[in-house]
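I have placed the structure first, in the form of structure tokens, so that the comments after it can refer back to it.
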Amino acid sequence: MKSLVSINDLSKLEIESILDMAAGFEAATNRKLLGDKVIASIFFEPSTRTRLSFETAINRLGARVIGFSEVSNTSVSKGESLKDTIKMISNYADMIVMRHPLEGSVRYASEISAAPVINAGDGSNQHPTQTLLDLYSIVKTQGRLDSLHITMVGDLKYGRTVHSLLMAMSHFNPVFRFIAPKAMALPDEYKKYLKSKNISFEEHVDLVSNIGDTDIIYMTRVQKERFSEPMEYEKLKHTYILRNAMLVNSKPGMKVLHPLPRVGEIAEDVDNNPKAYYFEQARNGVFARMAAICYLFGINNI
Ligand code: CP
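Residues in the sequence shown are numbered consecutively from 386, following my numbering.
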């Protein structure tokens with residue numbers, strides 16, 4: 386059994402295998418494959434989709450879930466260290482699903498835990514299971530992952546879903562367009578990563594003139610919780626608002642994705658456009674997470 390901390394912990398073949406399994410779980414969702422397992426869901430940072438879709442996935446697989454969504458109810462509030470907390474939880478559970486605000490904290494947990502650890506988001510670093518559901522959503526809507534035009538918009542600096550997704554898509558010869566103001570531009574380390582893989586990318590500031598030829602628009606929220614200066618967040622929070630009228634000349638099969646939550650960057654008039662896919666995308670999280678959990682337990686044929 387292994388942990389899943391970064392999307393690069395999975396090979397291209399492993400990712401494809403998990404996506405195939407996700408399709409199997411969507412076709413037949415209640416599979417009691419893990420009736421003997423207890424899985425800990427420990428969230429040191431708020432979550433709606435990730436925690437509840439993981440816990441749904443765990444329940445649908447017949448395993449039992451323990452954990453917390455509020456650190457104040459744990460002995461962390463008495464000063465217990467992350468090391469001791471993880472050691473205790475790995476005494477009780479067969480797997481740990483963990484979200485934490487600090488980059489690298491989940492890797493650290495995976496190194497001291499006796500049980501495999503799944504990263505449910507560590508600061509602005511990685512969110513690998515979000516990437517699995519994003520890839521599953523892309524393949525469901527586009528029929529393939531190869532050679533797509535992907536336009537990522539918004540907070541590309543702090544958005545961990547962007548960082549994980551661009552690394553995974555790099556297996557599939559994408560053309561990327563990054564739309565962000567300078568203050569939220571993609572960090573150099575990810576640009577270097579793409580260059581090392583010979584992946585094409587362009588950087589722009591304007592959204593409207595860059596929609597026409599894209600297959601996927603991946604909108605993101607400005608990550609308020611990562612800003613040390615509240616005024617800086619206030620200045621940037623409404624930089625991009627995708628409106629229905631902006632989609633009029635987009636490709637017929639184009640889809641709008643967003644990891645959610647949205648806080649104004651997609652106007653509600655987009656919701657009824659068939660190109661809006663973000664609510665279905667979130668639903669796909671249950672199937673992708675069922676597949677990831679099973680895969681890490683060594684089940685790769687369902
Ligand atoms: N997409 C995502 O991580 O959402 P939550 O923060 O609600 O889990």
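Every residue, glycine too, gets a C-beta built ideally from N, C-alpha and C.
> Buried or exposed: which applies to histidine 548, given that a residue is buried once 16 or more other Cβ atoms fall within 10 Å of its Cβ?
Replying inline: With a 10 Å radius around the Cβ and a threshold of 16 neighbouring Cβ atoms, histidine 548 comes out buried.
> At what residues does the beta strand (DSSP E) containing lysine 640 begin and finish?
Replying inline: That run of the beta strand (DSSP E) goes 640-642.
>> For a test of the three-state rule: what should DSSP assign to isoleucine 523, helix, strand or coil?
In response: Of the three classes helix, strand and coil, the one that applies to isoleucine 523 here is helix, per DSSP.
> Exposed or buried, which one is isoleucine 497 when buried takes at least 16 other CB atoms within 10 Å?
Replying inline: It is exposed - the Cβ of isoleucine 497 has fewer than 16 other Cβ atoms within 10 Å.
>> In the DSSP output, what is glycine 452 paired with across the bridge?
In response: Per DSSP, Ser426.
> On the three-state DSSP scale, how would you describe serine 585?
Replying inline: The three-state reading of DSSP puts serine 585 in strand, counting E and B together.
> Apart from the five residues on each side of it in sequence, which residues of its chain come closer than 8 Å, Cβ to Cβ, to arginine 628?
Replying inline: For arginine 628, same chain residues with a beta-carbon under 8 Å away, outside a window of 5 residues either side, are Ala652, Asp654, Val655 in chain order.
> isoleucine 596 and proline 559: beta carbons closer than 8 Å?
Replying inline: No, these two residues do not count as a Cβ contact at 8 Å.
> If leucine 517 sits next to isoleucine 403, beta carbons under 8 Å apart, how far is it from one beta carbon to the other, in whole angstroms?
Replying inline: Confirmed, about 6 Å.
> Beta carbon of glycine 506: closer than 7 Å to some heavy atom of the ligand CP?
Replying inline: Indeed, a heavy atom of the ligand CP lies less than 7 Å from the Cβ.
>> Does methionine 616 pass the burial test, meaning 16 or more other C-beta atoms within 10 Å, or should it be called exposed?
In response: Exposed, by the Cβ-count rule.
> Less than 8 Å separating the beta-carbons of glutamate 488 and aspartate 507?
Replying inline: Between glutamate 488 and aspartate 507, the C-beta spacing is below 8 Å.
> Considering only C-alpha positions, which residue in the set Asn510, Leu446, Asn685 is nearest to lysine 422?
Replying inline: Nearest of Asn510, Leu446, Asn685 to lysine 422, Cα basis: Leu446.
>> When you measure from the CB of glutamine 511 to every non-hydrogen atom of the ligand CP, does any distance come out below 7 Å?
In response: A distance criterion of 7 Å places the beta-carbon of glutamine 511 beyond contact range of the ligand CP, judged by its closest non-hydrogen atom.
> Out of Leu541, Ala676, Met554, Val607, which has the shortest C-alpha to C-alpha gap to leucine 571?
Replying inline: Measuring from the Cα of leucine 571, the nearest candidate turns out to be Leu541.
> Unbroken alpha helix (DSSP H) runs of length 4 or more, entirely within the segment 470-532: which are they?
Replying inline: Within the segment 470-532, the complete alpha helix (DSSP H) runs of at least 4 residues are 490-497, 513-527.
>> Taking 8 Å as the threshold (C-beta atoms), are phenylalanine 439 and serine 454 in contact?
In response: Their beta carbons are not under 8 Å apart, which means serine 454 does not touch phenylalanine 439 by this criterion.
> Which stretch, first to last residue, makes up the alpha helix (DSSP H) that contains arginine 674?
Replying inline: Residues 663-681.
> Closest to valine 524 by CA distance: which of Asp591, Asp600, Ser581, Ala677 is it?
Replying inline: Measuring C-alpha to C-alpha distances from valine 524 to each of Asp591, Asp600, Ser581, Ala677 identifies Asp600 as the nearest.
> Between serine 432 and the ligand CP, is the CB less than 7 Å from at least one heavy atom?
Replying inline: Under cutoff, so the answer is yes.
> Would you say tyrosine 663 reaches chain B, if we count a Cβ-Cβ gap shorter than 8 Å as a contact?
Replying inline: The structure shown has no chain B; it contains just one protein chain.
> Applying the criterion that 16 or more other CB atoms from any shown protein chain within 10 Å of the CB defines a buried residue, is lysine 640 buried or exposed?
Replying inline: With 16 or more Cβ atoms within 10 Å of its Cβ, lysine 640 is classed as buried.
> How is the alpha helix (DSSP H) around isoleucine 443 delimited, first residue to last?
Replying inline: For isoleucine 443, the enclosing alpha helix (DSSP H) begins and ends at 434-445.
>> If you follow the beta strand (DSSP E) that methionine 554 is in, where does it begin and where does it stop?
In response: Not the beta strand (DSSP E): methionine 554 falls in the alpha helix (DSSP H), residues 545-554.
> What are the partner residues of leucine 627, as DSSP defines its beta bridges?
Replying inline: BP columns for leucine 627 point to Ile651.
> What distance in whole Å lies between the Cβ atoms of leucine 645 and tyrosine 618, which are believed to be in contact at a cut-off of 8 Å?
Replying inline: About 18 Å separates the beta carbon of tyrosine 618 from that of leucine 645, a gap too long to meet the 8 Å contact definition.
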